[in-house]
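Scroll down for the structure; my scribbles are underneath it.
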Amino acid sequence: MNLAYIPSPSISEFSIGPLTIHFYALTMLAAIVVAVWMATVRWKKLGGISDQILDIALCAVPAGIIGARIYHIITTPERFFGPTGDWIDMFRIWNGGLGIWGAIVLGALAAWGWCRHRHYPMALLSDVIAPALLVAQAIGRLGNWFNQELYGA
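Using this note's numbering, read the sequence shown as starting at 1 and increasing by one per residue.
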């Protein structure tokens, strides 16, 4: 008997007409919303304006998604460039493949660039966003559970 075994759910997606909704995507969206909300609350407590965090997020989140995909492509090149790979799959993000480290690097660079452009204090943003990123990562891990990438036989 394995006491550390937590079975994954039997489903990881559902359909609404022709649209397939993946639980992984829903957890990623929830993680982003919670992180932005947490950062906004902390930012306002320190004297900032809530629109500033949304301003930064509109730049950093898409950059983070692109960075996550680039990281996945770099770390699994055979899937795209190997003998059975298809380089067009690089653009089919709905087929899976995101890496948190790429999201953090490119998202942070975008946030830094935007803060520099708008004269927002980057050090303050770093303090504000750190706990929000940890919570977002925890929420995102639930998506791995639904994808049967976290626990299971």
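Yeah, the Cβ is synthetic: ideal placement off N, Cα and C, and Gly gets one too.
Start-to-end residues for the alpha helix (DSSP H) that takes in SER15
Locating residue 15 in the sequence shown gives position 15, counting from the first residue. That residue, SER15, is in no alpha helix (DSSP H); its beta strand (DSSP E) goes 13-16.
With three or more beta-carbon pairs closer than 8 Å as the criterion, would you say the segment 38-45 touches the segment 62-69?
no
Could you check whether the Cβ of ALA136 sits closer than 7 Å to any heavy atom belonging to the ligand SAM?
Because no ligand of any kind appears in the structure shown, any question about the ligand SAM cannot be addressed here.
For the segment 26-35 against the segment 126-138, are there 3 or more C-beta pairs whose distance is under 8 Å?
yes
Would you identify the three-state DSSP class for THR75, choosing helix, strand or coil?
Here residue 75 refers to the residue found at position 75 of the sequence shown. THR75: helix per DSSP, three-state reduction.
Going straight from the alpha carbon of PHE80 to that of GLY97, what length do you get?
Position 80 of the sequence shown holds residue 80. Position 97 of the sequence shown holds residue 97. Computed Cα separation, rounded: 11 Å.
Between GLN148, ILE56, ARG92 and ALA136, which lies nearest to HIS72 when the distance is taken from Cα to Cα?
By 1-based counting over the sequence shown, the position of residue 72 is 72. Minimum Cα distance to HIS72 is reached at ARG92.
Return the chain-ordered list of same chain residues with a C-beta closer than 6 Å to the C-beta of ASN144, the five sequence neighbours on each side being excluded.
Your numbering for residue 144 matches position 144 in the sequence shown. Within the same chain, ASN144 has close Cβ partners LEU150.
Report, in whole angstroms, the separation of the C-beta atoms of ALA68 and ILE100, which I expect to be a contact under 8 Å.
Indexing the sequence shown from 1 puts residue 68 at position 68. Indexing the sequence shown from 1 puts residue 100 at position 100. 7 Å between Cβ atoms; contact.
ILE93 lies in the beta strand (DSSP E); which residues open and close that run?
For this step, residue 93 is matched to residue 93 along the sequence shown. Looking at the DSSP string, ILE93 is not in any beta strand (DSSP E), and its letter there is neither H nor E.
Do three or more CB pairs link the segment 108-123 to the segment 52-59 at distances below 8 Å?
yes
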